[in-house]
Ligand code: UT7
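Residue numbers (this note's numbering): 113 to 460.
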């Protein structure tokens, strides 16, 4: 069998398999909601939001759908990569706010961008969704010699599930999408993924499923006082303090484990692209890891928390403005609902 980019096949698996990020793209809706606009809605202030989160504004949709934002970001990534959409063999879409129960957002994006040779599916890992999806895509590239390019996209319309009467959470979230086109390469790569379902109730939003007409007798009791999900559907519920505690641990844990997987020391990382949940979480991690804060990309002041989209949105912005350069070692690190956590170390 011919040796393809990415190295030698052994037992059907590429021995040395990393990824090359060929192109990036992003989409942010036009409506900008600043802290003062939220202060008109709930009992809060620009000062509280800025000091407690670092956020100044976030973008929100004005009629756009989740798949539309993802398709726009994908088109930009495809153009940036200089490939044809027909060459994409797989689309992995990280989203928790798909417009449909079915079809997947990935299938609708496939139609919109004309990537008709691609398999397509969605992946739900909340704020860690992009990291999970990119790592999944890499594993497809590692085992399928016929796969050339993968589109990994993350698109979120968190405004659609935000409870705008809850001041402790509505000040955080925004909408947007980011995407990358990747191919197999022998560049440095390491990853680590984790989850802890015991914290599932700390951050959740229920779906609005219908009841069927054949119910009878006593309903099955599935109650568990530890993990009761009490809110009505489509509202994001966050126990901020619990998630904060989890997040400050998750960021260093995932980063250190991904560095170990890549065989490098964390001090060798040039740029960290963390999930943009709260500046204090990033500052705490920087202190605990003894890594200068300047190494951490900060985009939350402009876009708020966009869940899975936050890492590819930041990545696209800081690649395009020249901050992230070819050859640099990057650590993409996510944490969030599930709870989920994970990181990827790669050479850009
Ligand atoms: O993306 C998924 C992962 N998500 C995260 O990582 C989010 C993690 N959590 C956080 O970032 C923080 O917990 C929040 C930003 C959500 C909240 O910040 P905090 O410093 O943990 O605030 P708190 O919940 O402890 O509340 C402190 C005080 C309370 O008042 P009292 O009880 O001390 O009188 C709150 O009622 O601040 C009050 N408060 C607010 N005041 C003004 C809560 N939200 C607001 C607000 N404006 N928006």
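A virtual CB, placed ideally from N, CA and C, is assigned to each residue, including glycine.
Check, Outcome
"Minimum C-alpha distance to residue 152 - residue among 276, 424, 233, 318", "276"
"Beta-carbon proximity of residue 385 to residue 442, cut-off 8 Å", "yes"
"Distance cut-off 7 Å: residue 359 Cβ against heavy atoms of the ligand UT7", "yes"
"Residue 123 in three-state terms, based on DSSP", "coil"
"Nearest-angstrom beta carbon gap, residue 299 and residue 462 [assumed within contact, 8 Å]", "Residue coverage of the chain in this structure runs from 113 to 460, which leaves residue 462 outside it and unanswerable."
"Secondary structure of residue 222, DSSP reduced to three states", "helix"
"Residues bridged to residue 136 (per DSSP)", "292"
"Local conformation of residue 205 per DSSP, three classes", "strand"
"Inter-residue Cα distance where the pair is residue 437 and residue 308", "34 Å"
"Which listed residue (418, 457, 237) has its alpha carbon closest to that of residue 141", "418"
"Cβ-heavy atom distance, residue 108 to the ligand UT7, below 7 Å", "This structure gives no information on residue 108, because the portion of the chain shown stretches from 113 to 460."
"Near the ligand UT7: residue 313 beta-carbon under 7 Å from a heavy atom", "no"
"Closer than 7 Å: residue 279 CB and nearest the ligand UT7 heavy atom", "yes"
"Segments assigned beta strand (DSSP E), at least 3 residues, entirely inside the stretch 387-439", "none"
"Validate contact between the stretch 259-270 and the stretch 164-184 using beta carbons, cut 8 Å, 3 pairs", "yes"
"Where residue 297 falls, given that 16 or more other Cβ within 10 Å makes a residue buried", "buried"
"Residue 170 versus residue 416: straight-line alpha-carbon distance, rounded", "5 Å"
"Contact check, residue 205 vs residue 218, beta carbons under 8 Å", "yes"
"Three or more C-beta pairs below 8 Å linking the stretch 249-260 and the stretch 420-436", "no"
"Pair within 8 Å by beta-carbon distance, residue 293 and residue 195", "yes"
"Exposed unless 16 or more other CB atoms sit within 10 angstroms - verdict on residue 398", "buried"
"Bridge partner(s) assigned by DSSP for residue 269", "287"
"Separation of residue 412 from residue 457, as counted between CA atoms", "21 Å"
"N-terminal and C-terminal residue of the beta strand (DSSP E) that residue 330 is part of", "Note, residue 330: premise wrong, no beta strand (DSSP E); not H, not E."
"Helix, strand or coil at residue 278 according to DSSP, with G and I counted as helix", "coil"
"Per-residue burial, residue 390 [other beta carbons within 10 Å of its own, 16 or more giving buried]", "buried"
"Residue interval of the beta strand (DSSP E) (run including residue 233)", "231-235"
"Own chain partners of residue 259 with C-beta closer than 7 Å, once the 5 adjacent residues on each side are dropped", "201, 202, 252, 253"
"Inter-stretch contact (C-beta, 8 Å, three-pair minimum) for the stretch 337-351 and the stretch 307-324", "yes"
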